[in-house]
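Student: Dumping the structure here so I can ask a few things about it.
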């Protein structure tokens, strides 16, 4: 219905809008405007109206947006009106922090299993999880129909683990390893590498 | 010299190119091409050539790029041919992982001090660092001329700590708190919020 043609950069801004709306809701607000959202996010109100208009009519001229309604619509569009089961692979310092992060659940994601290939770690507890043997990954992913994974393994293992995630049916991978991974066309990848962000900023520091 | 007009989205790809070049160098390669870089990164070779052309002539038609030379040039452009001192504020699970992350140093950044406002944490050791009192932040930043900071504090404290970072002279903030922060025009902010990335992907999962 046309949404397949929405540029990815627009899709990428919807989670920002959703996060700002959730914060407004937590502050007890019920109505907002593209101006107010824009000021919070440092994005122009025209851009916000244009982005949202790609998905439908969410507000009336002059009365602004109902925060509750727009939140529901954005959750539906981003498919986080459901909770996605997530596998986490790699339980070093970072993987441990991710496993313990409380901010996933109310935003559509639930870590359900964590994996490592280090025999000294397998079986240990991290928060509510017992670290599972990465050798069981493909079988588990298929059995539990897990479609989302977070990858916090060393660079040298990133591609081989990725291949097993894909084999297990994963369709979305958040890669914390500071490298690029190859996936089939229908699998999405996003990267988190703090140094990329830092270098993007130092360019501007005089 | 014209570079001030380079779109930020282009600047944002340079660290990706630099990372891929460093990996090629580590593999013992000396020459690459926009085609090869593009395949590694999932970016078209035309895009890569166009991006690089905004900053100068880095390769000769038909002979490709010298990896060593292009690496040096990108480091210079991104100003990571020097090492930036970085302050880390907030030593929870994530802050701890960031403090222990070994991947900053050879890419232009060095954590030099970590801060928390929890009296039970101040003075404790994390890796080579002793956690300092966040009350000393502005004074330390100014005294050590620190221009880069990473923020791993709870959402409720993010803006007040940001204000102190700015007061202390910080020009680039990497924000791990899942919220938007306001800064003066000359200060850059980048965000790391894994949920934003996950939501951007689930949009596409059928």
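Protein chains in written order, with the numbering used here: chain L, 3 to 208; chain Z, 3 to 208. Where a beta carbon is used, it is the ideal one built from N, C-alpha and C, also for glycine. Small disclaimer: the values here were computed from a predicted structure and weren't measured.
Which residue or residues does DSSP assign as beta-bridge partners of residue 26 of chain L?
Tutor: For residue 26 of chain L, which the question treats as bridged, DSSP gives no partner whatsoever.
Student: Strictly under 7 Å for the Cβ-Cβ distance: is residue 204 of chain Z near chain L by that measure?
Tutor: It does; some Cβ of chain L falls within 7 Å.
Student: What does residue 181 of chain L touch in chain Z if you count any residue whose Cβ is under 7 Å from its own?
Tutor: Those are 25, listed as they occur along chain Z.
Student: Find the residues of chain L that neighbour residue 105 of chain Z, judging by a C-beta separation of less than 7 Å, and give them in chain order.
Tutor: Near residue 105 of chain Z (Cβ distances below 7 Å), the residues of chain L are 180, 197.
Student: Would you list the residues sitting across from residue 66 of chain L in a DSSP beta bridge?
Tutor: DSSP lists L:62 as partners of residue 66 of chain L.
Student: Straight-line CA distance for residue 32 of chain L to residue 193 of chain L?
Tutor: If I take the Cα positions, the gap works out to 34 Å.
Student: Going along chain Z in order, which residues have a C-beta closer than 7 Å to the C-beta of residue 111 of chain L?
Tutor: By Cβ distance, chain Z contributes 197, 200.
Student: In chain order, what residues of the same chain lie with their CB nearer than 7 Å to the CB of residue 30 of chain Z, ignoring the 5 residues before and after it?
Tutor: The answer is none, since no qualifying residue turns up.
Student: In angstroms, rounded to a whole number, what distance separates the CA positions of residue 16 of chain Z and residue 77 of chain Z?
Tutor: Taking the straight line joining both Cα atoms gives about 9 Å.
Student: Three-state secondary structure (DSSP) at residue 166 of chain Z?
Tutor: Helix at residue 166 of chain Z.
Student: Mind pulling the chain Z residues with CB within less than 9 Å of residue 83 of chain L?
Tutor: Under the 9 Å cutoff, chain Z gives no residues; its nearest Cβ is about 10 Å from residue 83 of chain L.
Student: Please classify residue 162 of chain L as buried or exposed, where buried requires at least 16 neighbouring CB atoms within 10 angstroms.
Tutor: Per the 10 Å Cβ criterion, exposed.
Student: Classify residue 118 of chain Z as buried or exposed, calling it buried when 16 or more other Cβ atoms lie within 10 Å of its own Cβ.
Tutor: Buried: at least 16 other Cβ atoms inside 10 Å.
Student: Any Cβ of chain L within less than 7 Å of the Cβ of residue 194 of chain Z?
Tutor: So, interface residue.
Student: Are the beta-carbon atoms of residue 98 of chain Z and residue 115 of chain Z separated by less than 7 Å?
Tutor: Result no, Cβ atoms of residue 98 of chain Z and residue 115 of chain Z do not sit closer than 7 Å.
Student: Name the DSSP beta bridge partners of residue 57 of chain L, please?
Tutor: Answer is none; residue 57 of chain L lacks a bridge partner.
Student: Using 7 Å as the threshold, is the C-beta distance between residue 72 of chain Z and residue 60 of chain Z below it?
Tutor: Against a cut-off of 7 Å, the Cβ pair of residue 60 of chain Z and residue 72 of chain Z comes out as a contact.
Student: Measure the CB-CB distance between residue 182 of chain L and residue 187 of chain Z and report whether it falls below 7 Å.
Tutor: Cβ distance not < 7 Å, so residue 182 of chain L and residue 187 of chain Z don't count as in contact.
Student: Along the stretch 141-168 of chain L, where does the CB come closer than 9 Å to a CB of chain Z? Name the residues.
Tutor: Cβ contacts with chain Z: 149, 150, 152, 157.
Student: Go to residue 146 of chain Z, then tell me how far its alpha helix (DSSP H) extends in each direction, as first and last residue.
Tutor: First-last of the alpha helix (DSSP H) with residue 146 of chain Z: 139-146.
Student: I'd like the list of long-range same chain contacts for residue 3 of chain Z, defined as Cβ closer than 7 Å, with 5 residues on each side in sequence excluded.
Tutor: Low per-residue confidence applies at residue 3 of chain Z: pLDDT is 42, beneath 50, and the placement is therefore not dependable enough to give any value.
Student: Do three or more CB pairs link the stretch 171-178 of chain Z to the stretch 145-155 of chain Z at distances below 8 Å?
Tutor: Judged by Cβ distances under 8 Å, the stretch 171-178 of chain Z makes contact with the stretch 145-155 of chain Z, as three or more pairs qualify.
Student: Would you kindly work out how many angstroms separate the C-alpha atoms of residue 109 of chain L and residue 176 of chain Z, rounded to a whole number?
Tutor: Spanning the two alpha carbons is a distance of roughly 22 Å.
Student: Reducing DSSP to helix, strand and coil, say where residue 191 of chain Z ends up.
Tutor: It is a strand residue.
Student: Looking at the secondary structure, which residues open and close the alpha helix (DSSP H) in which residue 100 of chain L lies?
Tutor: Taken as a continuous stretch (DSSP letters only), the alpha helix (DSSP H) holding residue 100 of chain L covers 95-102.
Student: Given 6 Å as the limit, tell me if residue 164 of chain Z has its C-beta closer than that to any heavy atom belonging to the ligand COA.
Tutor: Ligands in the displayed structure: none, and consequently the ligand COA is not present.
Student: Alpha carbon to alpha carbon, how far is residue 64 of chain Z from residue 8 of chain Z?
Tutor: One C-alpha to the other measures close to 26 Å.
Student: Where residue 5 of chain L and residue 106 of chain L are concerned, what is the direct C-alpha to C-alpha distance, given to the nearest angstrom?
Tutor: Caution is warranted here: a pLDDT of 46 is assigned to residue 5 of chain L, below 50, making its placement in the model unreliable, and the coordinate value is therefore given only provisionally. C-alpha separation (whole angstroms): 26 Å.
Student: Taking the beta strand (DSSP E) that residue 88 of chain Z belongs to, which residues open and close that run?
Tutor: Residue 88 of chain Z -> beta strand (DSSP E) spans 86-91.
Student: Mind pulling the chain Z residues with CB within less than 8 Å of residue 22 of chain L?
Tutor: Per Cβ cutoff of 8 Å: 182.
Student: With H, G and I counted as helix, E and B as strand and the rest as coil, what does DSSP make of residue 149 of chain L?
Tutor: Residue 149 of chain L: coil per DSSP, three-state reduction.
Student: By the three-class DSSP mapping on this structure, what secondary structure does residue 136 of chain Z have?
Tutor: Helix at residue 136 of chain Z.
Student: Please tell me whether residue 1 of chain L has its Cβ less than 7 Å away from any Cβ of chain Z.
Tutor: Since the first and last residues shown for chain L are 3 and 208, residue 1 of chain L lies out of range.
Student: Considering only their Cβ atoms, is the gap separating residue 14 of chain Z from residue 190 of chain L smaller than 7 Å?
Tutor: No, the Cβ-Cβ distance between residue 190 of chain L and residue 14 of chain Z is not below 7 Å.
Student: What does a CB cutoff of less than 7 Å around residue 18 of chain L pick up in its chain, not counting 5 residues either side in sequence?
Tutor: These residues qualify, in order along the chain: 43.
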